[in-house]
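Under full-length UniProt numbering, residue 512 is the last one in the sequence shown; the count climbs by one each step, no gaps.
The beta-carbon is built from N, C-alpha and C at its ideal position, and this holds for glycine as well.
Because the structure is a prediction, the values reported are computed rather than measured.
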Amino acid sequence: MKVEFPCWENNDPIGWISRAEKYFRFHSTSDNAKVELASINLEGDAIQWYDWLEACHGPPKWEEFKEELINRFGPSGYENVDGELAKIRQTSTVLEYQGRFERLSNQTRDWSEKQLLGTFIEGLRLDIRREVKMNQPRTMKPALSFARLQEEKINEEGRKNNKVIRENPSHYSTPRRLTKEEIKESMAKGLCWHCDEKWHRGHQCKQKRILMIEPIENSEEEDDFYEGETQDNINEVQDDSMAISVHALEGLQTPQTMKVKGFIKKQPVMILIDSGSTNNFLDSTLARRLKQKIERASTFDVKVTDGRSLTSPGKCEGIKIFLPNYELITDLCLLPLDGCDVILGAQWLRTLGDIIWNFSQLTMRFQDQGKEVCIRGKRQDTITSISSYQAEWLLKKDCSIFLMQLSIKKEPKGTSYTPPELEALLSKFSMIFAEPKGLPPSRSHDHRIPLIPGSAPANVRPYRYPYIQKEVIEKIVQEMLQAGIVRPSNYLRCLTGDRPKEWVRWLPWAEW
């Protein structure tokens with residue numbers, strides 16, 4: 001079977017490299033021929049770039065070629081793939097959303113299947129997400145199937161509704177439009193806007209009609225017109241609804257987060273930098289301990305990525321946070337946090353501009369007033385055991401040591417409770433439930449295995465067992481003898497050596 005080399009795609013070098021490596025495996029191509037074969041199939045700007053690379057640095061190896069090709073034609077180094085994957089949302093069909101999700105997840109290596117599954121479900125449209133969650137898929141394959149089936153169901157219901165509306169068109173009359181002058185005239189005469197009858201408290205129109213008030217431009221006349229009228233206060237709605245990730249709420253460190261140590265009012269705090277949270281958050285308990293001023297009027301709901309909704313008691317404005325080599329002033333929303341004291345989300349990250357974030361090395365670099373700032377994350381602590389000499393040396397250095405004593409706690413065996421009705425039944429039929437002692441009584445017909453006349457006993461070597469099992473076997477045999485299941489045999493056999501006169505030892509044979 002002939003397989004053609006994949007065509008070069010200028011906008012997808014990662015996919016082209018993946019197909020090229022499959023081609024090399026199929027044809028068992030040697031490492032020396034991979035670069036030559038790949039460079040022959042380059043086109044346009046790619047072939048011009050390769051000629052320059054070969055002229056300046058010589059023929060590269062395959063691994064070097066892949067790295068240079070991705071650096072030249074691949075995504076920018078400033079692109080935060082983990083952050084984009086954590087915030088991915090369905091904007092069109094499930095198939096289009098699946099394609100974007102697979103493209104981003106294919107560029108990540110530290111995400112577990114459980115994290116990918118949760119992110120995929122949370123990014124679905126609300127009406128599709130609910131049905132997928134109800135089925136509780138464990139892997140990506142059933143989650144994709146449930147999402148597509150739900151999308152088809154919603155589309156089918158929409159087509160049916162449109163068909164019903166077309167078959168039964170409404171016969172409503174054109175709504176009457178009310179201008180500002182007509183409203184003023186009706187109010188001056190004390191008439192109802194709808195039916196032109198005298199208006200009074202509790203008035204109901206006899207004939208139902210549809211009216212529409214035309215929108216007008218804001219002007220001084222409009223302000224005078226509505227002056228003195230009672231209006232409901234409308235709260236300002238933020239453009240972006242606040243959201244916080246589950247791992248940030250629990251203080252867990254994941255591939256798209258980083259923990260750093262900082263200070264607020266000379267108080268050491270643990271800060272979690274999370275690209276999956278929309279805003280900055282502060283632990284409500286820490287805010288009260290630091291005696292920060294809390295704006296109680298600004299209460300709002302914060303959506304958690306697992307579907308929950310938490311109510312924030314307020315926020316603290318103008319909090320100064322000291323990070324290693326960096327200082328910032330920001331507003332912090334209050335939430336009860338576990339495992340960390342402060343969460344810095346996209347609200348702070350979007351103010352930094354271009355960010356180089358290395359999650360494997362736990363470093364974050366950005367420019368601040370023309371200077372490069374590098375923030376190093378804190379790796380997860382590990383617990384190690386030390387000797388008494390090491391502990392004594394550490395205590396002299398004014399270090400803190402935790403002493404733990406581990407012991408095995410045996411739970412007492414609980415006494416079984418027997419209901420009185422069952423106890424009376426067991427006592428009445430005690431002979432039936434008693435442990436049998438001995439063989440069953442003789443009956444008119446006893447079952448046994450008939451032997452062929454003249455057949456000799458089986459000549460089998462004795463079963464060999466280790467010495468450690470000797471006591472257990474002897475205990476089992478003794479219990480069987482006491483119960484009467486087996487009994488000592490009346491026949492004795494002896495083993496002899498080469499001379500018949502020498503008896504070696506006697507062996508008792510047990511019979512059933």
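- DSSP, read as helix, strand or coil, puts Val-302 in strand.
- For Tyr-50, the closest alpha carbon among the candidates Ile-355, Leu-69, Thr-108 is that of Leu-69.
- The Cβ-Cβ distance between Val-269 and Val-342 falls below 7 Å.
- Across the structure, Pro-488 and Ile-476 are spaced so that their CA atoms are roughly 15 Å apart.
- Around the beta carbon of Ala-458, fewer than 16 other beta carbons lie within 10 angstroms, which makes this residue exposed.
- Of the candidates His-445, Ala-346, Pro-324, Cys-333, Ala-346 places its Cα closest to the Cα of Asp-274.
- Using a 10 angstroms sphere on the CB of Ala-38, the tally of other CB atoms reaches 16 or more, which defines it as buried.
- The beta carbon of Ser-105 sits closer than 8 Å to those of Leu-85, Trp-111, Leu-116, all from its chain and outside the five residues before and after it, given in chain order.
- DSSP places Val-472 in the uninterrupted alpha helix (DSSP H) bounded by 470-483.
- Residue Gly-318 holds the alpha-carbon nearest to the alpha-carbon of Ile-264 among Thr-278, Gly-318, Ser-309.
- Between Trp-357 and Leu-328 a beta carbon distance of about 17 Å is seen, past the 8 Å cut, so the two are scored as non-contacting.
- As the crow flies, the alpha-carbon of Ala-188 is around 13 Å from that of Glu-197.
- Put simply, of Asn-325, Leu-344, Phe-359 the residue whose alpha carbon is nearest the alpha carbon of Arg-109 is Phe-359.
- Excluding the 5 residues flanking it on each side, Leu-286 has same chain C-beta neighbours closer than 6 Å at Asp-341, in chain order.
- Residue range 326-335 is occupied by the beta strand (DSSP E) that includes Leu-332, with no alpha helix (DSSP H) assigned at that position.
- With contacts defined as CB atoms closer than 7 Å, Trp-62 and Asn-41 fail to qualify as a contacting pair.
- Between the alpha carbons of Gly-370 and Leu-406 lies a gap of roughly 54 Å.
- For the 7 Å CB-CB criterion, Ala-147 and Val-94 form a contact.
- Rounded to whole angstroms, Arg-376 and Leu-282 show a C-alpha spacing of 21 Å.
- Secondary structure note for Asn-32: its alpha helix (DSSP H) is the uninterrupted segment 31-40.
- Nearest to Thr-139 by C-alpha distance, out of Glu-151, Arg-125, Thr-119, is Thr-119.
- Beyond the five residues adjoining it in sequence on each side, Gly-74 comes within less than 8 Å, by CB distance, of Pro-13, Ile-14 in the same chain, given in chain order.
- In the DSSP assignment, Val-3 falls outside any alpha helix (DSSP H), carrying neither H nor E.
- In the assembly as shown, Glu-122 is a buried residue. Its beta-carbon has 16 or more other beta-carbons within 10 Å.
- If you keep only unbroken alpha helix (DSSP H) runs of at least 4 residues inside the stretch 339-414, you get 346-349, 388-396.
- Shown here, Val-486 sits in coil according to DSSP, grouped into three states, outside any helix or strand.
- In chain order, Thr-139, Met-140 place their CB closer than 8 Å to the CB of Glu-113, counting only its own chain and leaving out the 5 sequence neighbours on each side.
- Judged by DSSP in its simplified three-state form, Pro-13 adopts helix.
- A straight line joining the alpha-carbon of Ile-408 with that of Tyr-389 spans about 26 Å.
- In the structure shown, Asp-127 falls within a helical segment according to DSSP collapsed to helix, strand and coil.
- Residues Ile-401 of the same chain have their beta carbon placed closer than 7 Å to that of Ala-391, with the five preceding and five following residues left out of the count.
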